[in-house]
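Undergrad: Have a look at the structure that comes next, please.
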Amino acid sequence: MKVLLRNPRREIEVEGGRTVGRLLDELDLDRESHLVMRNGTLVPGDARLDDSDVVEVRPVISGG
Amino acid sequence: MNQSKCRVCRGPAVIDLPRHNANFCAEHLQQLCRRQVEKAIHDHDMLSPDDRILVAVSGGKDSLAVWDLLAELGYRADGLYIGLGIGTYSDTSGQYAQAFADERELELITIDLRETYGYDIPTASKATGRVPCSACGLSKRHLFDRAALDGGYDVVVTGHNLDDEAAVLFGNTLRWDIDYLARQLPVLPAAEGFPKKVKPLVRLTERETAAWCIVRGIDYLLDECPMAHGNRHLAYKEALNAVEARSPGSKAAFYHGFIERMAPLLADRVDAGVELHRCESCGSPTTGDVCAFCRVVATASTHDPVPVEVVLNKAARKAYLAQMQEIS
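Line order of the protein sequences matches chains A and B. To convert a position in the first sequence, counted from 1, into the working numbering, add 1224. Numbering follows the working numbering, in which position 269 of the second sequence is assigned residue number 249; successive positions increment by one, without gaps.
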């Protein structure tokens, strides 16, 4: 599946068949600092991601 | 497949919120956010139904979320956007702010620092030797105060959320800066030369305000300010989120515990021993003869314009140039 990451914006390919929570753990991203969208819709940590999904990992922390 | 249920309606959840030990669908996430904002406004006597409100708008998730929430709750709120001249970051943030206002037929006032005062934040930082976030914060505070008083607004609203406030509290506590701690309140009452200022998002984390924007279809600026890259505030947030991951609810307990139990003990330190008079140049309250804003204007407006990348440290410049490549 395609995974879009931000700051800097980049796209990586990750094998599907895992939950949102596991994806964040594997990318070493803190759950409190990120939201995940699957095919444009917000999904919780136990949502399952499949090979055909387009996933966006959106950081939510701002520094100002 | 799937997936946890909303605590309220048992429909499919869109977000898990460990600090509430619950999951929520889009509709009940919005209900939660509205209730948290209403509670903050009520508990701290932030706003009255008839207030004329000026929202400090940056184009980021928090300021657009708070403006949207206030409009939803029936308040009369205009926005004020300040063009800070931080390269394409500022250009883009202004577009998000204007698009949000246009879609909802809300009034957005815009002040451009370079057009009106002859400087921008990178130039102010270089010319005065202030770190960029200091030059920026000083300029914004002055201009929001000024615009609110000149425009006859009753109160200035900012989008500071629970993470922002907990991070500032953490920093002030690490330094035991008692005077800053005493003033770190969700409401600053009006005083001579200062409008009332309130923070209705102090009961929402930034993950929640971002989720509000997503489920409401609000487009906001995702890029981080290049000048904030790697600043101390972000380090404090990361530290607190590491604690939060182990012990959900810690940030809220830290901040709200301070407000309920510690801030009252510091109340007599607020404004203690500070004598203010009017700035010789603009009339704003100041401890000196000329206020810090007018001193920045005097120094920065006569300086050659400085591009943003010149005032970034090495890591921030690398991140900024990567961001520029994305855009091109």
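Where is the CB? At the ideal position from N, CA and C, for every residue including glycine.
Does the stretch 147 to 162 of chain B come close enough to the stretch 176 to 187 of chain B that 3 or more CB-CB pairs lie under 8 angstroms?
TA: No: the two stretches stay apart, fewer than three of their Cβ pairs being nearer than 8 angstroms.
Undergrad: Taking all protein chains shown into account, do 16 or more other C-beta atoms lie within 10 angstroms of the C-beta of I1236(A), making it buried, or fewer, making it exposed?
TA: I1236(A) comes out exposed.
Undergrad: From D100(B), A272(B), F124(B) and S261(B), pick the residue whose C-alpha is nearest to that of T282(B); which is it?
TA: Of D100(B), A272(B), F124(B) and S261(B), the residue nearest in Cα terms is D100(B).
Undergrad: Taking Cβ positions, are L44(B) and F80(B) nearer each other than 8 angstroms?
TA: For L44(B) and F80(B), yes; Cβs fall inside 8 angstroms.
Undergrad: Kindly indicate which three-state DSSP category L1228(A) falls into: helix, strand or coil?
TA: Here L1228(A) sits in strand by DSSP.
Undergrad: Would R15(B) be called buried (16 or more neighbouring beta carbons within 10 Å of its own) or exposed?
TA: Under this definition R15(B) is an exposed residue.
Undergrad: Just to make sure I have the definition right: I need the residues of chain A whose C-beta is within less than 9 angstroms of the C-beta of R32(B). Which are they?
TA: Those do not exist, as R32(B) stays about 26 angstroms from chain A at its closest Cβ, beyond 9 angstroms.
Undergrad: Just to confirm the assignment: which complete beta strand (DSSP E) runs, minimum length 3, are found wholly within the stretch 13 to 82 of chain B?
TA: Qualifying beta strand (DSSP E) stretches, in chain order: 32 to 37 and 56 to 63.
Undergrad: In the DSSP output, which residue or residues are listed as bridge partners for A2(B)?
TA: DSSP lists L(-3)(B) as partners of A2(B).
Undergrad: Report the residue ranges of all beta strand (DSSP E) runs contained in full by the stretch 145 to 181 of chain B; include only those spanning at least 3 residues, in chain order.
TA: Within the stretch 145 to 181 of chain B, the complete beta strand (DSSP E) runs of at least 3 residues are 176 to 178.
Undergrad: Answer with buried or exposed for Q303(B), where buried requires no fewer than 16 other C-beta atoms within 10 angstroms of its C-beta.
TA: Answer is buried; the Cβ neighbour count reaches 16.
Undergrad: Please work out which residues of its chain come closer than 7 angstroms, Cβ to Cβ, to A115(B), disregarding the five sequence neighbours upstream and downstream, and give them in chain order.
TA: So the list reads I101, A104, S105, T108 and V276, once near-sequence residues are dropped.
Undergrad: Measure the CB-CB distance between V1260(A) and A190(B) and report whether it falls below 8 angstroms.
TA: Not a contact, by the Cβ cut-off of 8 angstroms.
Undergrad: Name the DSSP beta bridge partners of R1234(A), please?
TA: Paired residue(s): L1229(A).
Undergrad: I101(B) by DSSP, collapsed to three states: which one?
TA: I101(B) falls in the helix class under three-state DSSP.
Undergrad: Is the beta carbon of T267(B) less than 8 angstroms from the beta carbon of V250(B)?
TA: No, they are not a contact pair.
Undergrad: Answer yes or no: do M207(B) and L292(B) have a C-beta to C-beta separation smaller than 8 angstroms?
TA: Cβ atoms of M207(B) and L292(B): closer than 8 angstroms.
Undergrad: Kindly indicate which three-state DSSP category I194(B) falls into: helix, strand or coil?
TA: If DSSP states are grouped into helix, strand and coil, I194(B) belongs with the helices.
Undergrad: List the residues of chain B whose Cβ lies closer than 9 angstroms to the Cβ of M1225(A), in chain order.
TA: Result: empty, since nearest Cβ-Cβ is about 14 angstroms, beyond 9 angstroms.
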